[in-house]
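Residue numbers (our numbering): 77 to 613. The structure appears right after this line, and notes come after that.
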């Protein structure tokens with residue numbers, strides 16, 4: 077009987093040429109939040125696997141799973157793609173992927189009670205996800221895992237993270253939440269030395285200052301936001317403008333712009349049309365709220381990566397002019413594109429674009445992608461150390477961030493979703509990917525969360541072209557079937573099945589670009605662009 081070899085997913089690996097090196101857990105020190113899974117049953121019983129950084133893991137018997145178990149009798153109850161672990165230490169969630177035998181958390185089955193029985197009429201779809209806490213037990217067929225969540229101790233007075241020996245003393249004393257570091261204990265007046273705080277400081281919203289609930293969070297010193305601010309970016313924007321008028325240093329940027337109107341709103345913020353006082357030109361001002369409490373190191377890492385994105389200059393990339401952060405609220409100044417986005421254009425044209433127009437847009441998009449994929453860049457590891465790499469990956473390309481301006485197509489938000497998610501700031505809201513809808517996500521992007529390479533952008537560009545020519549995404553997403561299971565198991569439909577009027581030569585190129593087994597059809601934007609040019613002749 078074979079034993080599953082999980083080391084390749086959990087230990088450092090040698091990077092491929094042009095790939096960003098991965099940080100191993102041992103480099104993060106002993107004081108970072110981390111999630112672990114201990115095997116309670118099977119050949120690996122007693123073995124523990126730790127995850128100190130934002131990642132996702134597909135668990136199952138398929139050879140492309142992150143945590144792969146062998147195809148033998150002992151693991152027959154495990155589906156090929158059984159479940160997905162969405163990890164953002166100290167938060168973690170499990171999602172059943174429509175497995176045959178189900179996923180159990182502490183004995184309760186999540187998702188469909190009988191995946192083989194069709195749902196009837198308006199029967200609600202049971203939740204297939206469950207937030208996990210320390211000590212929870214997951215059962216997948218014959219595999220049992222215990223969840224461990226470790227959160228570093230912080231001083232209740234100054235917020236300092238103690239040295240390992242002090243942290244152990246706090247654990248042993250049983251008062252992690254009331255712990256005070258050696259410096260605070262020895263510098264306070266004698267009457268207070270040794271006293272433990274009786275209550276925690278009042279928690280307030282980092283945006284509006286309103287009081288929050290009494291429940292404690294796993295990372296109590298991070299910025300938190302009230303439900304009203306999370307659901308209303310306009311409220312946050314007004315607060316930013318108010319604070320900027322008061323002369324807050326970190327908001328100097330806002331003093332140079334007049335907000336005219338909101339252009340759009342998404343799950344993590346909104347975009348506004350603004351006018352630059354110095355140049356009198358219009359620009360787009362994006363405001364984003366983190367969905368998870370990121371550390372100061374993570375936020376600094378994200379802002380440094382955005383500084384790298386600012387250096388990208390290309391006619392077919394939306395330029396990032398400036399960015400900043402105040403109280404955990406991130407803001408970005410970008411080019412304004414007055415033609416809207418491709419999704420809006422397709423809608424206005426009745427659901428499809430003519431071949432020549434869709435091809436023209438795609439060729440320009442591929443030009444922009446190739447430039448970004450080849451650019452010299454600097455990214456940062458989990459400890460903030462700079463790493464020189466060749467190229468940046470978008471990882472969130474869709475018709476909604478391909479913008480139009482002056483007859484040109486421009487790719488927007490380059491690197492934003494990837495860096496935001498890698499820093500742990502998007503929380504667990506995007507199960508399986510670093511970005512929104514599964515319609516434009518390749519299976520490689522789900523399976524290789526930490527190692528997404530340029531070809532995932534090439535696949536997404538082909539999916540956008542498919543949409544422009546047909547009005548549909550490349551895959552069908554049947555109701556009541558887990559959408560990420562569809563991404564993992566279902567190939568793209570041949571494009572002429574959607575629109576038989578598409579020329580055969582062009583259709584063959586698009587279908588090849590959307591191939592995912594054993595690898596994505598075109599590995600570079602330049603290859604796909606050349607193939608499209610030849611098909612057009």
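All C-beta atoms in this analysis are idealised placements derived from N, C-alpha and C, irrespective of residue type, glycine included. Since the model is a prediction, treat every value here as computed from it, not as a measurement.
In the three-state DSSP reduction, residue 313 falls in the helix class (H, G or I). Within the stretch 399 to 477, complete beta strand (DSSP E) segments of at least 3 residues are found at 405 to 411, 452 to 456, 462 to 466, given in chain order. Only exposed fits residue 463, as fewer than 16 other CB atoms lie within 10 angstroms of its CB.
In terms of CA proximity to residue 127, 224 leads the group 213, 496, 184, 224. Counted as a single uninterrupted DSSP element, the alpha helix (DSSP H) harbouring residue 382 occupies residues 372 to 386. Sorting 284, 489, 470 by C-alpha distance to the C-alpha of residue 479 places 489 at the top.
Three or more pairs of CB atoms, one per stretch, sit closer than 8 Å, so the stretch 534 to 544 contacts the stretch 430 to 444. A residue is called buried when at least 16 other Cβ atoms come within 10 angstroms of its Cβ; residue 613 does not meet this threshold and is exposed.
Residue nearest to residue 402 within the set 469, 421, 356, 376 is 376 (criterion: CA-CA distance). For the options 597, 262, 154, the alpha carbon positioned closest to that of residue 589 is the one of 597. Ranking 302, 516, 451, 180 by CA distance to the CA of residue 207 puts 180 first. Boundaries cannot be given for residue 516, as no alpha helix (DSSP H) includes it and DSSP labels it neither H nor E. Per the Cβ contact rule, the stretch 525 to 533 is not in contact with the stretch 544 to 557 (fewer than 3 Cβ pairs under 8 Å). Between residue 117 and residue 220 a beta carbon distance of about 4 Å is seen, short of the 8 Å cut, so the two are scored as contacting. Comparing alpha-carbon positions, the option among 514, 110, 209, 168 lying closest to residue 228 turns out to be 110. Distance from the Cα of residue 568 is smallest, within the candidate group 581, 599, 549, 578, for 549. According to DSSP, residue 340 shares a beta bridge with 347.
Residue 117 carries a strand assignment under DSSP once its states are collapsed to helix, strand and coil. Look at residue 136 here: in three-state DSSP terms it is strand. For residue 338, the closest C-alpha among the options 365, 356, 310, 358 is that of 310. Listed as beta-bridge partners of residue 223 by DSSP are 113. Residue 176 counts as exposed, since fewer than 16 other C-beta atoms from the protein chains shown sit within 10 angstroms of its C-beta.
Look at the beta carbons and you see the stretch 385 to 401 not touching the stretch 423 to 432: under three pairs across the two are nearer than 8 Å. Where residue 205 is concerned, the enclosing beta strand (DSSP E) starts and stops at 205 to 207. Note that the C-beta distance between residue 156 and residue 136 is below 7 Å. At a Cβ-Cβ threshold of 7 Å, residue 542 and residue 571 count as neighbours.
In the DSSP annotation of this structure, residue 552 is not part of any alpha helix (DSSP H), being labelled neither H nor E. Here the alpha carbon of residue 210 sits roughly 22 Å from the alpha carbon of residue 158. With respect to the 7 Å criterion, residue 465 and residue 453 are classified as neighbours on the basis of their beta carbons. A straight-line Cα-Cα distance of about 15 Å links residue 420 and residue 484.
Here residue 447 is buried, its C-beta having at least 16 other C-beta atoms within 10 Å.
Just so you know, the alpha carbons of residue 108 and residue 391 end up roughly 41 Å apart. No residue range can be given for residue 525, since it is assigned to no beta strand (DSSP E) and is classified by DSSP as neither H nor E.
Residue 164 is bridged by DSSP to 167. Just measuring C-alpha positions, the residue of 601, 578, 167 sitting nearest residue 212 is 167.
Put simply, of 346, 332, 362 the residue whose alpha carbon is nearest the alpha carbon of residue 352 is 332.
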